[in-house]
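Read through the structure below, which is laid out as structure tokens, and then see the notes.
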Amino acid sequence: VGDPHYYIQKVVDDFPKRQIRPSFVVTKTAAAGSEELIFPFKEYLQYWEKVIEKRLCGLGPKSAFESRVEPDPRDGLLLDELRRSVEVMPLDLDVVKRIIGSIKEITGDHSNNQVKIMKTSRPIYENLGELQVMGGLFWQNKDRYESGNKSKWVPPGQRKKLRRTSTDTVNPEIPTCWFCPLPNEAGTGMPVGSPLSKPFQVHITAGRLHSASSDAEGGLDNTADQILRDRIRASFWQSYSKRVMTQMYVFMEKDMLPSSVQATLEEALSNGNIKRYGAIIPQVIAAGTISRRAVEPLWLTASNAEAERLGSEIKAMVQAPPGFCLVGADVDSQEMWIASLIGDSVVGFQGGTPYGWMTLEGSKAKGTDLHTKTANLIGIKRSEAKVLNYARLYGSGLEFTKHLLSKFQSNLRPEEASMKAETLMRATKGQRVPVQTSKGKLDMKYMWKGGTESYVFNALEAIARSPEPRTPVLGAQITRALTPQAVKDDFLPSRINWVVQSSAVDYLHCILVIMAWLIQKYNLRARLCISIHDEVRYLCDQRCADQVALALQISNLLTRGLFAFQLGMHDLPESVAYFSSVEIDTCLRKDPLNDCKTPSNPEGLETTYGIKKGESLTVSEIIERTGGSMKPFDDKEEGESNFKLNTF
Numbered sequence: 001v002g003d004p005h006y007y008i009q010k011v012v013d014d015f016p017k018r019q020i021r022p023s024f025v026v027t028k029t030a031a032a033g034s035e036e037l038i039f040p041f042k043e044y045l046q047y048w049e050k051v052i053e054k055r056l057c058g059l060g061p062k063s064a065f066e067s068r069v070e071p072d073p074r075d076g077l078l079l080d081e082l083r084r085s086v087e088v089m090p091l092d093l094d095v096v097k098r099i100i101g102s103i104k105e106i107t108g109d110h111s112n113n114q115v116k117i118m119k120t121s122r123p124i125y126e127n128l129g130e131l132q133v134m135g136g137l138f139w140q141n142k143d144r145y146e147s148g149n150k151s152k153w154v155p156p157g158q159r160k161k162l163r164r165t166s167t168d169t170v171n172p173e174i175p176t177c178w179f180c181p182l183p184n185e186a187g188t189g190m191p192v193g194s195p196l197s198k199p200f201q202v203h204i205t206a207g208r209l210h211s212a213s214s215d216a217e218g219g220l221d222n223t224a225d226q227i228l229r230d231r232i233r234a235s236f237w238q239s240y241s242k243r244v245m246t247q248m249y250v251f252m253e254k255d256m257l258p259s260s261v262q263a264t265l266e267e268a269l270s271n272g273n274i275k276r277y278g279a280i281i282p283q284v285i286a287a288g289t290i291s292r293r294a295v296e297p298l299w300l301t302a303s304n305a306e307a308e309r310l311g312s313e314i315k316a317m318v319q320a321p322p323g324f325c326l327v328g329a330d331v332d333s334q335e336m337w338i339a340s341l342i343g344d345s346v347v348g349f350q351g352g353t354p355y356g357w358m359t360l361e362g363s364k365a366k367g368t369d370l371h372t373k374t375a376n377l378i379g380i381k382r383s384e385a386k387v388l389n390y391a392r393l394y395g396s397g398l399e400f401t402k403h404l405l406s407k408f409q410s411n412l413r414p415e416e417a418s419m420k421a422e423t424l425m426r427a428t429k430g431q432r433v434p435v436q437t438s439k440g441k442l443d444m445k446y447m448w449k450g451g452t453e454s455y456v457f458n459a460l461e462a463i464a465r466s467p468e469p470r471t472p473v474l475g476a477q478i479t480r481a482l483t484p485q486a487v488k489d490d491f492l493p494s495r496i497n498w499v500v501q502s503s504a505v506d507y508l509h510c511i512l513v514i515m516a517w518l519i520q521k522y523n524l525r526a527r528l529c530i531s532i533h534d535e536v537r538y539l540c541d542q543r544c545a546d547q548v549a550l551a552l553q554i555s556n557l558l559t560r561g562l563f564a565f566q567l568g569m570h571d572l573p574e575s576v577a578y579f580s581s582v583e584i585d586t587c588l589r590k591d592p593l594n595d596c597k598t599p600s601n602p603e604g605l606e607t608t609y610g611i612k613k614g615e616s617l618t619v620s621e622i623i624e625r626t627g628g629s630m631k632p633f634d635d636k637e638e639g640e641s642n643f644k645l646n647t648f
């Protein structure tokens with residue numbers, strides 16, 4: 001009974017029966033070759049038998065098509081295009097006949113004659129998308145075929161709703177050719193402007209999106225794939241080349257340089273090489289954002305050296321003069337620790353909340369750190385979980401979490417993304433519950449409860465909702481434009497983000513002030529070179545590099561202690577008291593052991609520029625070198641007694 005390809009044959013009480021197959025295998029033929037796919041027959045059958053009749057066409061006592069506004073000859077053409085689409089789908093012949101019969105019933109056409117073809121301003125099949133999205137409402141729009149009509153103004157809030165979405169459709173010129181829409185990170189079903197745009201670069205790199213060209217002999221030709229990959233490699237330099245060329249720099253006169261640098265210049269000149277030493281003039285805008293972070297177009301935003309990024313070794317081109325080096329460190333998980341500290345302040349000791357405990361004692365190797373726990377919870381990579389955790393800390397909600405999950409896993413269905421996002425939010429933030437005071441009045445609209453991060457977000461929101469939000473350490477106030485008096489309950493995610501990021505700026509300011517005090521107190525031959533949010537680099541004499549490294553560890557210890565004290569906690573766990581490492585290097589790079597091999601620097605820094613690898617010192621190694629105490633540095637040397645490092 002019915003085609004066995006579409007139905008499972010059964011015999012019940014000596015009578016033949018049939019049951020719809022949920023799916024079956026179809027062969028897709030493309031330029032790259034044939035591929036077997038699973039066709040969800042049952043789902044498609046339900047859609048075309050029910051949705052097309054009820055939702056798209058409004059079949060009933062009086063169909064939406066019959067009561068359409070301003071009947072147009074193109075209406076029949078559009079339904080005929082719908083009929084042609086159904087005919088080429090892998091459906092049972094009986095099903096195809098029923099659907100086509102429904103279409104004819106809607107149009108009132110009981111004949112077998114096709115609609116007469118007429119010339120239109122654009123292909124009629126382009127309106128199939130609107131018909132499927134709007135359903136019966138499509139026929140109530142008098143401008144249904146004039147999507148490009150600019151005479152009718154549409155409010156901005158409605159433009160997105162009326163925008164056509166990309167759908168599986170049929171090419172009228174090639175009836176058996178199906179088109180499947182590319183996923184758009186802006187939302188499911190949104191049209192894609194170009195498959196070569198930035199969001200698709202990760203798919204090209206991974207090999208999911210590739211060309212299928214062939215050479216003259218019929219074999220595979222990878223030239224197009226190579227061009228695509230070369231384009232991705234050049235994307236960094238395309239964005240940053242103008243910023244590099246607009247940098248301002250000043251070269252020093254020979255008599256302004258220390259004797260060690262002068263000797264290097266004379267030696268190079270005797271060998272026929274002309275060298276010059278200078279400095280790049282900073283173009284940093286201090287407190288350039290609402291959170292008081294610095295803004296600079298190149299050095300504060302450029303990525304670190306990557307093997308597939310042309311020109312990404314640009315930072316390492318900044319080198320210290322002979323006899324000098326760059327000493328610096330990165331603050332480990334700075335903003336996560338600040339947020340956990342604010343949450344722990346409610347309990348009264350560090351590590352008193354689940355979030356605080358994972359921040360202090362979580363181990364990546366043991367799988368107990370925050371990012372690994374999140375990854376295991378919803379089945380994603382640790383690097384992806386890290387992005388989700390920071391996004392949530394900055395105030396993102398359920399919808400943005402869904403968006404990120406769909407972006408990470410392009411084959412994830414919307415309902416699966418929703419389930420994973422809800423699971424993550426329940427486990428981390430918890431659930432909203434109303435809170436009442438003893439007087440019965442609402443103290444807050446709601447609070448978070450039952451999640452590992454509930455204490456953190458309750459404390460952050462309490463600061464963000466206060467009459468004058470201030471950072472808990474240095475007391476910096478938010479701009480008056482975002483105070484609750486001005487915006488009430490609006491922009492809450494931005495205000496939560498401000499609490500964390502502005503506190504991170506407080507952290508940087510504390511380290512810089514303490515370092516300036518130690519440099520002056522112990523006469524260290526060093527000065528600040530650059531600070532990149534949670535990273536600082538000092539230019540110093542190589543003879544006092546170990547002392548500067550120890551000063552950095554002391555500065556971090558005092559800063560962490562100040563943060564804990566200001567939040568009412570008089571202890572500091574050893575696991576967060578010191579930098580995990582302090583880097584001593586001769587160039588500006590994140591990892592002193594990285595040779596920075598890139599497409600534009602294939603041989604590496606050591607071979608091409610003679611830049612040797614630096615060293616990374618733990619606090620134990622620094623104490624072993626310095627004896628664990630700061631000592632005044634004697635910078636008097638023959639010919640250099642009057643030289644000051646601030647010449648640079």
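Counting from 1, one number per residue, gives the positions in the sequence shown under full-length UniProt numbering.
C-beta atoms are modelled at their ideal positions from N, C-alpha and C, and glycine is treated no differently.
Nothing here was measured: the structure is a model prediction, and the numbers come from that model.
Burial state of residue i (16 or more Cβ within 10 Å)
{"i": "asparagine 289", "result": "The sequence shown places threonine at residue 289, rather than the asparagine named in the question. By the 10 Å Cβ count, threonine 289 comes out exposed."}
{"i": "glutamate 130", "result": "buried"}
{"i": "glutamine 19", "result": "exposed"}
{"i": "threonine 359", "result": "buried"}
{"i": "glutamine 547", "result": "buried"}
{"i": "valine 505", "result": "buried"}
{"i": "glycine 343", "result": "buried"}
{"i": "arginine 426", "result": "exposed"}
{"i": "tryptophan 517", "result": "exposed"}
{"i": "lysine 150", "result": "Residue placement at lysine 150 cannot be trusted, given a pLDDT of 40 that sits under 50; what the coordinates show is reported in the next sentence. Exposed: under 16 other Cβ atoms inside 10 Å."}
{"i": "isoleucine 227", "result": "exposed"}
{"i": "serine 111", "result": "Caution is warranted here: a pLDDT of 45 is assigned to serine 111, below 50, making its placement in the model unreliable, and the coordinate value is therefore given only provisionally. Burial call: exposed."}
{"i": "glutamine 238", "result": "exposed"}
{"i": "phenylalanine 251", "result": "exposed"}
{"i": "leucine 508", "result": "buried"}
{"i": "aspartate 14", "result": "exposed"}
{"i": "histidine 570", "result": "exposed"}
{"i": "methionine 336", "result": "buried"}
{"i": "arginine 276", "result": "exposed"}
Limits of the unbroken alpha helix (DSSP H) element including residue i
{"i": "residue 724", "result": "A query on residue 724 cannot be resolved here, the shown segment of the chain reaching from 1 to 648 and no further."}
{"i": "aspartate 344", "result": "334-347"}
{"i": "serine 596", "result": "Per the sequence presented here, residue 596 reads as cysteine, with serine not at that position. Note, cysteine 596: premise wrong, no alpha helix (DSSP H); not H, not E."}
{"i": "phenylalanine 457", "result": "454-464"}
{"i": "tryptophan 357", "result": "354-361"}
Residue from the options with nearest C-alpha to residue i
{"i": "threonine 483", "options": "Val500, Thr205, Ile463", "result": "Ile463"}
{"i": "lysine 597", "options": "Thr608, Cys587, Lys488", "result": "Thr608"}
{"i": "threonine 353", "options": "Lys364, Ser363, Leu341", "result": "Leu341"}
{"i": "residue 650", "options": "Trp139, Gln283, Thr618", "result": "An answer regarding residue 650 cannot be provided, because it is not within the stretch 1 to 648 covered by the chain."}
{"i": "tyrosine 355", "options": "Lys429, Leu550, Asp534, Val576", "result": "Lys429"}
{"i": "serine 312", "options": "Pro434, Ala302, Lys364", "result": "Ala302"}
{"i": "lysine 612", "options": "Leu588, Asp534, Val69", "result": "Leu588"}
{"i": "proline 414", "options": "Lys142, Asn184, Ile38", "result": "Asn184"}
{"i": "leucine 620", "options": "Lys590, Leu77, Glu574", "result": "The question names leucine, but residue 620 is serine in the sequence shown. Out of Lys590, Leu77, Glu574, Glu574 has the C-alpha closest to the C-alpha of serine 620."}
Interface flag, residue i vs chain C, CB-CB below 8 Å
{"i": "glutamate 306", "result": "The chain inventory of the structure shown lacks chain C, comprising one protein chain alone."}
Bounding residues of the beta strand (DSSP E) (the contiguous stretch that carries residue i)
{"i": "isoleucine 532", "result": "526-532"}
{"i": "cysteine 510", "result": "Counting along the chain, cysteine 510 falls outside any beta strand (DSSP E), though it belongs to the alpha helix (DSSP H) covering 492-521."}
{"i": "aspartate 541", "result": "535-541"}
{"i": "leucine 617", "result": "615-617"}
{"i": "leucine 326", "result": "324-330"}
{"i": "phenylalanine 251", "result": "249-251"}
{"i": "alanine 279", "result": "278-280"}
{"i": "aspartate 585", "result": "582-585"}
Residue i and residue j closer than 8 Å at C-beta
{"i": "leucine 300", "j": "isoleucine 532", "result": "yes"}
{"i": "valine 25", "j": "glycine 328", "result": "no"}
{"i": "alanine 391", "j": "leucine 404", "result": "yes"}
{"i": "isoleucine 380", "j": "phenylalanine 408", "result": "yes"}
{"i": "phenylalanine 579", "j": "valine 473", "result": "no"}
{"i": "threonine 559", "j": "isoleucine 514", "result": "yes"}
{"i": "threonine 586", "j": "alanine 320", "result": "yes"}
{"i": "glutamine 431", "j": "lysine 449", "result": "yes"}
{"i": "leucine 550", "j": "alanine 577", "result": "no"}
* Three-pair Cβ contact test at 8 Å for the stretch 625-635 versus the stretch 600-611 -> no
* Asked: Counting pairs of Cβ atoms below 8 Å between the stretch 262-273 and the stretch 226-240, do you hit three or more?
  -> no
* Does the count of Cβ pairs from the stretch 479-494 and the stretch 464-471 closer than 8 Å reach three? -> Yes, the stretch 479-494 touches the stretch 464-471.
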